[in-house]
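Shown next, in structure tokens, is the structure this report addresses.
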Amino acid sequence: MNIILLKRKKGSSGLVTLNKKKMATVLLAVFFVLPATFLFTGYKLGVHYMQANPDDLMVAMESEMDVQRLKIDEVTKNAEENMNALALRLGKLQAHVIRLDALGSRLTTMAKLDNGEFDFNQSPAQGGPIAASELSAEMKVPDFMTSLKNLSLQLDDRNQQLSVLETMMMNRNLQAEVMPAGRPITRGWLSSYFGIRTDPFNGRRVHHSGVDFAGKMGSDVVAVGAGVVTYSGKRSGYGNLVEINHGNGYSTRYGHSSELLVKVGETLKKGHIIAKMGTSGRSTGPHVHFEVLFNGRAVNPKKYIHASR
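Just add 6 to wherever you are in the sequence shown, counting from 1, and you've got the working numbering.
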């Protein structure tokens, strides 16, 4: 196949004939040589641009690295804050547990419970089978945080309840400690009751404001409740007398002692030895005249004597 091209110049004309070989050369130049030339030129220009502007490339890389560093720092900070918050919460829970253990041990002692039954130094016994479907179950972070929060609320609630219980038990024990109860002697017997009786000196019917406990000369006389000594000395009819104020309107008297062992203002516990049995004052033999007064008025000591049984 021949292709004929006509060309025209000023003052001349001509004819160009293209055969297959020339046609292939033209196509090769159009479709391969020219694109290759453009690619090569673009590559050279790119290399030249990079070589001519290295600072711009470094600035771009450093900027991207700074962005990545900021993201990493932010993630690290969030993780540290979450860990610190979790550690703080864990520390508070541990403090709650320690306080509850101490409170439980004190309540066990106050209530006189068996240490083997309520031993707060050991973990409570637990057990039971586990389902096969639960072996692979894992607790997720949200579930863990929810459980931690619920546990914290439960511990706060139990701590408050146990504190109230401790206060009640302390008040009860304190009340039991100061309330007159029991016998004012360690050895002896009841020799005279409260109320109307025949006076041992003149035979008349008179009111006896207390009860008498007879015993061995010099035996111990003890306080029937905690309190403060308000009188210790001789008094007409009582001989050597000790008077103790127990609070809440209660006071007790111990008369006819041979020896007084406490002084005014002294603080006593229940069972404290305050005197030695004797027969001082208006007495027919070694004994203790014991009175219980409520708001300054003598009452029958019988129920207080039997209260500790």
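Beta carbons are placed, not taken as given, at the ideal position from N, Cα and C, and that holds for glycine.
Rounded to the nearest angstrom, what separates residue 242 and residue 183 at their Cα positions? Here residue 242 refers to the residue found at position 236 of the sequence shown. Here residue 183 refers to the residue found at position 177 of the sequence shown. About 30 angstroms.
Please state the DSSP three-state secondary structure of residue 6. Because the chain in this structure spans residues 7 to 315, residue 6 falls outside the shown range and cannot be described.
Give a yes or no on whether the C-beta atoms belonging to residue 326 and residue 281 are separated by under 8 angstroms. The first residue shown for the chain is 7 and the last is 315, placing residue 326 beyond what the model contains.
Throw me the rounded Cβ distance for the residue 192 and residue 234 pair, which I believe falls under 8 angstroms. Numbered from 1 along the sequence shown, position 186 holds the residue referred to as residue 192. Numbered from 1 along the sequence shown, position 228 holds the residue referred to as residue 234. Going by Cβ atoms, the distance from residue 192 to residue 234 rounds to 22 angstroms, so no, they are not a contact pair.
Exposure label - residue 195; buried when at least 16 CB within 10 Å: As a working mapping, residue 195 is identified with position 189 in the sequence shown. With a threshold of 16 other beta carbon atoms within 10 Å, residue 195 falls short and is exposed.
Measure the CB-CB distance between residue 293 and residue 232 and report whether it falls below 8 angstroms. Against the sequence shown, residue 293 aligns to sequence position 287. Against the sequence shown, residue 232 aligns to sequence position 226. No. Outside cutoff.
Exposed or buried, which one is residue 279 when buried takes at least 16 other CB atoms within 10 Å? Within the sequence shown, numbered from 1, the residue matching residue 279 stands at position 273. With fewer than 16 Cβ atoms within 10 Å of its Cβ, residue 279 is classed as exposed.
With which residues is residue 297 paired in a DSSP beta bridge? Counted from its first residue, the sequence shown places residue 297 at position 291. Paired residue(s): 259.
So, using beta-carbon positions, are residue 224 and residue 289 closer together than 8 angstroms? By one-based count along the sequence shown, residue 224 stands at place 218. By one-based count along the sequence shown, residue 289 stands at place 283. Cβ atoms of residue 224 and residue 289: not closer than 8 angstroms.
With DSSP collapsed to three states, give me the class of residue 87. Along the sequence shown, one-based indexing puts residue 87 at 81. Of the three classes helix, strand and coil, the one that applies to residue 87 here is helix, per DSSP.
Check residue 98 in the structure and name its three-state DSSP category. To locate residue 98, count along the sequence shown from 1; it is residue 92. Three-state DSSP puts residue 98 in a helix.
Alpha carbon to alpha carbon, what distance is there between residue 156 and residue 257? The residue you call residue 257 lines up with position 251 of the sequence shown. The residue you call residue 156 lines up with position 150 of the sequence shown. Rounded to the nearest angstrom, the gap between the Cα atoms of residue 257 and residue 156 is 51 angstroms.
Looking only at DSSP bridge pairs, what is residue 1 linked to? No statement about residue 1 is possible, as the shown extent of the chain runs from 7 to 315 and does not include it.
Near residue 198, which residues of its chain fall below 7 angstroms by C-beta distance, leaving aside the five closest residues on each side in sequence? Position 192 of the sequence shown holds residue 198. Around residue 198: 214, 217, 218.
By the 10 Å Cβ neighbour count, where 16 or more other Cβ atoms means buried, how is residue 312 classified, buried or exposed? The residue given as residue 312 occupies position 306 in the sequence shown. Burial check for residue 312: the Cβ neighbour count within 10 Å stays below 16, so the residue is exposed.
Looking at the structure shown, is residue 310 part of a helix, part of a strand, or coil, going by DSSP? Position 304 of the sequence shown holds residue 310. Helix at residue 310.
In the DSSP assignment, find the beta strand (DSSP E) that holds residue 227 and state where it starts and stops. As a first step, residue 227 is located in the sequence shown; it is residue number 221 there, counting from the start. Here the beta strand (DSSP E) through residue 227 covers 226-228.
Taking only the alpha-carbon atoms, compute the straight-line gap between residue 115 and residue 108 and give it to the nearest angstrom. In the sequence shown, residue 115 corresponds to position 109, counting from 1. In the sequence shown, residue 108 corresponds to position 102, counting from 1. Their backbone Cα atoms lie some 11 angstroms apart in a straight line.
Kindly identify the DSSP beta-bridge partner or partners of residue 265. Here residue 265 refers to the residue found at position 259 when the sequence shown is read from its first residue. According to DSSP, which records beta bridges pairwise, residue 265 is partnered with 282.
Is residue 261 buried or exposed, if buried means 16 or more other CB atoms sit within 10 Å of its CB? Within the sequence shown, the letter at position 255 stands for residue 261. Around the CB of residue 261, 16 or more other CB atoms lie within 10 Å, so the residue is classed as buried.
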